[in-house]
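In my numbering, the protein residues as written are 269 to 390.
(1) Contact between the stretch 294-302 and the stretch 318-338 is defined here as three or more beta-carbon pairs at a separation below 8 Å; is this criterion met?
(2) Output the distance between the C-alpha atoms of residue 292 and residue 334, rounded to the nearest integer angstrom.
(3) Would you give the residue range spanned by the alpha helix (DSSP H) that residue 336 belongs to?
(4) Could you check what DSSP says for residue 293 in three-state terms: helix, strand or coil?
(5) Unbroken alpha helix (DSSP H) runs of length 4 or more, entirely within the stretch 299-324: which are they?
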C-alpha cells in the first residue's frame, strides 16, 4: 500500500516514514502542500497523512484537491495537526478528511487507524 506523508516538521516525517516502511508500506514524503499534490497525482497513494499548517498551500487545500481529482482513485485523508479544537476538527472533516488526529499523537494509534481505514468493507 502507498502512503503519502505531508508535514513540514522533519522529525515527524522521519519517524512516520520509518514506522510505515517497517510496516511494509511504500512511503512518499512531502514537505509542503505543492509537493503533496504533485506526489498524489503521480503515485496515487491509498492514504495521505496531512499536516494542516504547511508553507504555501495548507492541508485543507491539499485535502480538497485530493478528494476532488477525478483522474485518479480517491485517497483516504488523515489530518495530523496541532490545531486540535472541536471547531478545527469539525472544519477538517468538512473539508473531506476521513479522520482527524490532533498532535501530540500516538504512533501506535495512528498505525491502527490507517489499518482500519484501508481494510476492505465486507
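Yeah, the Cβ is synthetic: ideal placement off N, Cα and C, and Gly gets one too.
According to the structure data:
(1) Flag = yes, the stretch 294-302 and the stretch 318-338 touch.
(2) One C-alpha to the other measures close to 23 Å.
(3) From DSSP, the alpha helix (DSSP H) with residue 336 extends over 327-336.
(4) Coil.
(5) Considered as a whole, the stretch 299-324 harbours 301-311 as its complete alpha helix (DSSP H) runs of no fewer than 4 residues, in chain order.
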